[in-house]
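Residue numbers (our numbering), protein chains in the order written: chain A, 76 to 188; chain B, 3 to 115.
Glycine included, every Cβ here is placed at the ideal spot set by N, Cα and C.
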């Protein structure tokens, strides 16, 4: 039961912003939006998460729509090292038994020189 | 600040042999997750420990697989006897608590001949 929908792939130019969309129309009030990425031959890497406010850290920005049914991960200045599979995951983050992290197919992002 | 540490990074063994994968949690984390990733099935949760106690082992494929946490900072995943279909990349991840952000290790690529 997929809780998020992402495009299977996208290309972006090096140095430009990469905007990765994610739909999560059935998100519940206590569920956060998490983003991870997996660079080839590496473990999944946490990027950012948010509940309803926009969030920014050293890696990316997360924009969540007011109705929380979709979000966009923004890599402000994509580099070749940002080529990876990006996963959008919704999950509760309240109690110890809310530990499930379901990785779907993600979006394969290719940054081109 | 060391992340999750896994060893070995690569393991090649023959069918029927015992395999032991090792994981060191991030200092201060009390939750430990073992995942397996294959092309066919993606990233699957095998087992989840909280405070050294196995909470959910429903993802463990069969009795040939066992996992332990002999102390708060270390875990092992053992496969005995190993089979070719066990070939995969095995990741461990840790978090402050079960519902918190999970941080993944670099993985162990297992090949069973």
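Closer than 8 Å at the C-beta level to chain A, one finds these residues of the segment 30–45 of chain B: 33, 35, 44, 45. DSSP, read as helix, strand or coil, puts residue 66 (chain B) in coil. In this structure, the CA atom of residue 64 (chain B) is about 35 Å from the CA atom of residue 158 (chain A). Residue 166 (chain A) carries a strand assignment under DSSP once its states are collapsed to helix, strand and coil.
Residue-level contact by beta carbon fails for residue 161 (chain A) and chain B, as no gap is shorter than 8 Å. As DSSP reads the structure, residue 21 (chain B) sits in a beta bridge with B:81.
Across the structure, residue 43 (chain B) and residue 113 (chain A) are spaced so that their CA atoms are roughly 16 Å apart.
With fewer than 16 other Cβ atoms from the protein chains shown falling within 10 Å of its own Cβ, residue 187 (chain A) counts as exposed.
Interface flag for residue 108 (chain B) against chain A is set, since a Cβ pair is found closer than 8 Å. Per the Cβ contact rule, the segment 131–139 of chain A is not in contact with the segment 177–185 of chain A (fewer than 3 Cβ pairs under 8 Å).
Only residues of its own chain outside the window of five on either side were considered, and among them 37, 38, 61 have a CB closer than 7 Å to the CB of residue 46 (chain B), listed in chain order.
Counting along the chain, residue 96 (chain A) sits inside the beta strand (DSSP E) bounded by residues 93–98.
For the segment 120–133 of chain A, the residues whose beta carbon sits under 8 Å from a beta carbon of chain B are, in order, 120, 121, 124. Counting along the chain, residue 35 (chain B) sits inside the beta strand (DSSP E) bounded by residues 33–40. Taking 8 Å as the CB threshold, residue 82 (chain A) stays off the interface with chain B. In the structure shown, residue 58 (chain B) adopts extended strand secondary structure according to DSSP, grouped into three states.
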